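Residue numbers for the sequence shown follow full-length UniProt numbering, so the first one is 1 and each next one is one higher. Where a beta carbon is used, it is the ideal one built from N, C-alpha and C, also for glycine. Quick caveat, the model's predicted, so the values are computed rather than measured. Worksheet for the structure shown next.
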Amino acid sequence: METYDAVIVDESAETLTIEATGDAAKISDLLNALERFGIRELAQSGLVGIERGNRSLAERTLSVQSIPTAKSGQADYQN
Numbered sequence: 001m002e003t004y005d006a007v008i009v010d011e012s013a014e015t016l017t018i019e020a021t022g023d024a025a026k027i028s029d030l031l032n033a034l035e036r037f038g039i040r041e042l043a044q045s046g047l048v049g050i051e052r053g054n055r056s057l058a059e060r061t062l063s064v065q066s067i068p069t070a071k072s073g074q075a076d077y078q079n
């Protein structure tokens with residue numbers, strides 16, 4: 001798994017759940033290597049962005065767009 005920057009996050013007698021990150025070529029190589037075992041289910045997220053620091057990406061985006069947030073006390077909903 002190290003070759004593909006992948007980790008086993010769940011294991012049962014018959015299955016493994018694997019988490020992998022990397023570019024398209026590395027993920028493709030991993031899928032090719034696992035093909036002989038049979039892939040029962042696959043979920044890919046594509047590009048994901050996560051804010052650093054104590055503000056969430058949603059809070060920053062809403063703030064930039066001047067949309068009231070629960071934290072500002074002007075909204076009647078939770079983000």
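| query | Can you tell me the Cα-Cα spacing of residue 81 and Leu-47, whole angstroms? | reply | With the chain represented from 1 up to 79, any question about residue 81 goes unanswered, as that position is not in the structure.
| task | Determine the DSSP secondary structure at Ala-58, reduced to helix, strand or coil. | result | helix
| message | Under DSSP, the beta strand (DSSP E) around Leu-16 begins and ends at which residues? | response | Per DSSP, Leu-16 belongs to the beta strand (DSSP E) from 16–20.
| field | N- and C-terminal bounds of the alpha helix (DSSP H) containing Asp-29 | value | 24–34
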